[in-house]
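>
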Amino acid sequence: MSEVPGGIRDRTFHLLGKIEVFQARRNAVILAHNYQLGEIQDVADFVGDSLELSRKAAETTADTIVFCGVHFMAETAKILSPEKTVLLPDLQAGCPMADMLTVEQLREFKAQYPGRPVVAYVNTSAAVKAEVDICCTSANAIKVIEALDADEILFVPDKCLADYAQSKTSKKIIPYPGYCPTHLRILPEHILKEKDLHPKALVLAHPECSRGVIQLADEVCSTSGMLRFARENSAQEFIIGTEEGIIHRLSKDNPEKKFYSPTVLAICPNMKLITLEKLAWSLEDNQYPIELPSDIIDKARHAIQRMIEIV
Ligand code: SF4
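Note that the numbering used here gives residue 461 to position 159 of the sequence shown, counting from 1, and the numbers run on in steps of one.
Written out as structure tokens, the structure is:
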């Protein structure tokens, strides 16, 4: 880092100071997703996956929640804590997968397959959540599907998570054709190349990856599952088949172990939109508050609460 006045260290020092002052002034808690930039993870009060962070949002006594993640995650925090101010430091930080399913598209999909319950991955807008039967995360999708009293289930919006869940259940899953562009940029050949370079490394893959990548994995799990697996497993090296931001936390939690991203393409540009500058400004100017109609909050909360009761 630069020691020169006005250099990187000065910039970071200045921003961290500002964040501390305005965080205290607003009685705010900073939540960061596992895919955020390392500098954001380091300044956050809690780092986790979307469900862990929503639970933190629901529990906190803070008046303001600054959600360093993407739009649907901040919406979920607002659904679970409607009386609190929830801020997203950059409104452009959306999730392309969530954007692949509008309410109109969901209604058309349901009309094609009437009478089946709809399971929605949390990577959906609040308006979509308000029109589904139950939500799920990548960690609990199979449990949620198994708990439903139906043999055929509509699954939105991720076709890859649906495909993975289908391999684990005898129920028929009818997938919506959405996907995560970041996870689909991780190819089987990237994994094979990395295995050649690190033959002792175990491969961990997120279920948003393609079937080809999943078939090469030693373990398929959510980001919270990866953190647990890396901590508990005696292996010293891991190839990480998900967004590369998680490697910051994996390395911090397991300094003696090595973690490799299979490709430089495993970066979600939307997650990386949140920077220290935007976080500081968000706290200073109270931007951007997430607002949702109360009927959407009530209906969406029902789908999330149903999931929480099951798992
Ligand atoms: S990594 Fe994929 S699913 Fe997650 S926010 Fe980015 S685009 Fe959406």
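Don't be surprised by glycine CBs; every beta carbon is placed ideally from N, CA and C.
1) List the whole-angstrom C-beta distance separating M399 from G480, where the pair is believed to meet the contact cut-off of C-beta under 8 Å.
2) Quick check: the Cα distance between F348 and Q338, rounded to an integer number of angstroms?
3) If I'm right that T426 touches L403 with Cβ under 8 Å, what's the distance once you round it to whole angstroms?
4) CB-CB under 7 Å to H492, same chain, minus the five flanking residues each way: which ones, in chain order?
5) I'd like to check one pair, A507 with L499: are the Cβ atoms closer than 9 Å?
6) Which residue marks the beginning of the alpha helix (DSSP H) containing K454, and which one marks its end?
7) Check the DSSP bridge columns for C370 and list the partner residues they point to.
8) I want to see whether chain C comes within less than 9 Å of L408, judged by CB atoms only; does it?
9) Given I321, which residues of its chain have a CB within under 8 Å of its CB, disregarding the five upstream and five downstream residues?
10) Alpha carbon to alpha carbon, how far is A467 from E385?
11) Which complete beta strand (DSSP E) runs does the region 442 to 523 hold, if anything under 3 residues is left out?
12) Nearer than 8 Å: is that true of the beta carbon of Y478 relative to any heavy atom of the ligand SF4?
Taking the coordinates as given:
1) 5 Å
2) Those two C-alpha atoms are separated by around 12 Å.
3) 6 Å
4) P564, T565
5) Not in contact: L499 and A507 (Cβ atoms no closer than 9 Å).
6) In the sequence on display, residue 454 carries Glu and not Lys. Unbroken run through E454 is the beta strand (DSSP E), 454 to 458; no alpha helix (DSSP H).
7) Per DSSP, A334.
8) The structure shown contains no chain C, having only a single protein chain.
9) I332, V345, L578, L581, A582, L585
10) 35 Å
11) Runs found: 454 to 458, 474 to 477, 504 to 507.
12) No, since every heavy atom of the ligand SF4 falls outside the 8 Å radius drawn around the Cβ of Y478.
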